[in-house]
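Numbered by our numbering, the letters in the sequence shown go through residues 429 to 661 in order.
Don't be surprised by glycine CBs; every beta carbon is placed ideally from N, CA and C.
If you're wondering where the values come from, they're calculated on a predicted model, not measured in any experiment.
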Amino acid sequence: MSIEKSTKAARGTAQCENTNINLLKANDFVADIIKKEMAKTNTLLVNITSSAGSGKTTLMQKTAEKLKNKLNIAVMVGDLETERDAERIRETGIQALQIVTGGICHLEAQMIHQVLDQFDLPNIDLLFIENVGNLVCPASFDLGEDYRVTLMATTEGDDKPKKYPRMFLTSDMMLVSKSDLLPYLPFSVEAVTKDAREVNHELEVIQISSLTEEGIDKWCDWLVEKVKQKQQV
Ligand SMILES: Nc1nc2c(ncn2[C@@H]2O[C@H](COP(=O)(O)OP(=O)(O)O)[C@@H](O)[C@H]2O)c(=O)[nH]1
Ligand SMILES: [Mg+2]
Numbered sequence: 429m430s431i432e433k434s435t436k437a438a439r440g441t442a443q444c445e446n447t448n449i450n451l452l453k454a455n456d457f458v459a460d461i462i463k464k465e466m467a468k469t470n471t472l473l474v475n476i477t478s479s480a481g482s483g484k485t486t487l488m489q490k491t492a493e494k495l496k497n498k499l500n501i502a503v504m505v506g507d508l509e510t511e512r513d514a515e516r517i518r519e520t521g522i523q524a525l526q527i528v529t530g531g532i533c534h535l536e537a538q539m540i541h542q543v544l545d546q547f548d549l550p551n552i553d554l555l556f557i558e559n560v561g562n563l564v565c566p567a568s569f570d571l572g573e574d575y576r577v578t579l580m581a582t583t584e585g586d587d588k589p590k591k592y593p594r595m596f597l598t599s600d601m602m603l604v605s606k607s608d609l610l611p612y613l614p615f616s617v618e619a620v621t622k623d624a625r626e627v628n629h630e631l632e633v634i635q636i637s638s639l640t641e642e643g644i645d646k647w648c649d650w651l652v653e654k655v656k657q658k659q660q661v
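Pasting the structure below:
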């Protein structure tokens, strides 16, 4: 590459970095507004992240089934296209709103804030955000959540926490999902937990299966406890 070209490329990169920094600053400003809104109504906000297909929507359905008689639950779900996940979640009888990002690979705080008035927040104990499926971009965007929970499916391979450290560093909980498939896969729960805790030593870990319900009660108890804590504040 010529000096002129490489200087131009370097300037381009610097501009991109500045744009990214400004974008993230703007995002954090709105995330703070969301936090304040949630504090007013004592609504627990949980951001669910993972790769595509790790079982987020199935877990939302299972969680709604288990907890809807105990807590008022609602979900907002982000995807690049279609209403499919919101339709699946609505079948359980709870409110679910689809946010179609139109190609954007993550949800931003502004997208959440824009739809908040469609929820009766004073009557919602637990609001989930099912983020767009990938372990990269959603890691950088604070959505004002109280907790970030990342699903790590047994079908993805147990080497992901060190490859995508930011997601695991910024999460409070890792759910090792699809545990019913463990007998058929070369996946070590011990190894994935060790790697994830080397990235984030405070990370909580629960092994779950939405199919056999392994770990689902433990997950639901965790949620109920966090809702209680939020409502005591
Ligand atoms: N074996 C197994 N399959 C699951 C489990 N949870 C979800 N799946 C399947 O994994 C696929 C993707 O699930 P989905 O909930 O749509 O994942 P999402 O893209 O993360 O929302 C679907 O075919 C589900 O039926 C589980 O606990 N065990
Ligand atoms: Mg989904």
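Around the C-beta of residue i, are 16 or more other C-beta atoms found within 10 angstroms, so that it is buried, or is it exposed?
i: residue 508; result: exposed
i: residue 661; result: exposed
i: residue 629; result: exposed
i: residue 589; result: buried
i: residue 505; result: buried
i: residue 576; result: buried
What is the DSSP secondary structure of residue i, reduced to helix, strand or coil?
i: residue 480; result: coil
i: residue 461; result: helix
i: residue 658; result: helix
i: residue 563; result: coil
i: residue 431; result: Bear in mind that the predicted position of residue 431 carries a pLDDT of just 47, short of 50, making it too unreliable to give a figure here.
i: residue 680; result: Because the chain is modelled from 429 through 661, residue 680 falls outside the range shown and cannot be assessed.
i: residue 613; result: coil
Assuming residue i contacts residue j under a Cβ cut-off of 8 Å, what Cβ separation, rounded to an integer in Å, is found between them?
i: residue 472; j: residue 658; result: 5 Å
i: residue 462; j: residue 572; result: 3 Å
i: residue 481; j: residue 585; result: The Cβ separation is near 13 Å, so there is no contact.
i: residue 485; j: residue 517; result: 7 Å
i: residue 535; j: residue 569; result: 7 Å
i: residue 624; j: residue 602; result: 5 Å
List the endpoints of the continuous alpha helix (DSSP H) containing residue i.
i: residue 597; result: 593-597
i: residue 527; result: No alpha helix (DSSP H) holds residue 527; the beta strand (DSSP E) holding it covers 523-528.
i: residue 621; result: 617-627
i: residue 542; result: 537-543
i: residue 587; result: Unbroken run through residue 587: none, as it is neither H nor E.
i: residue 642; result: No alpha helix (DSSP H) contains residue 642, which DSSP labels as neither H nor E.
Which residues does DSSP list as the beta-bridge partners of residue i?
i: residue 556; result: 474, 503
i: residue 573; result: Looking at the DSSP assignment, residue 573 forms no beta bridge with any residue, so it has no partner.
i: residue 603; result: 579, 634
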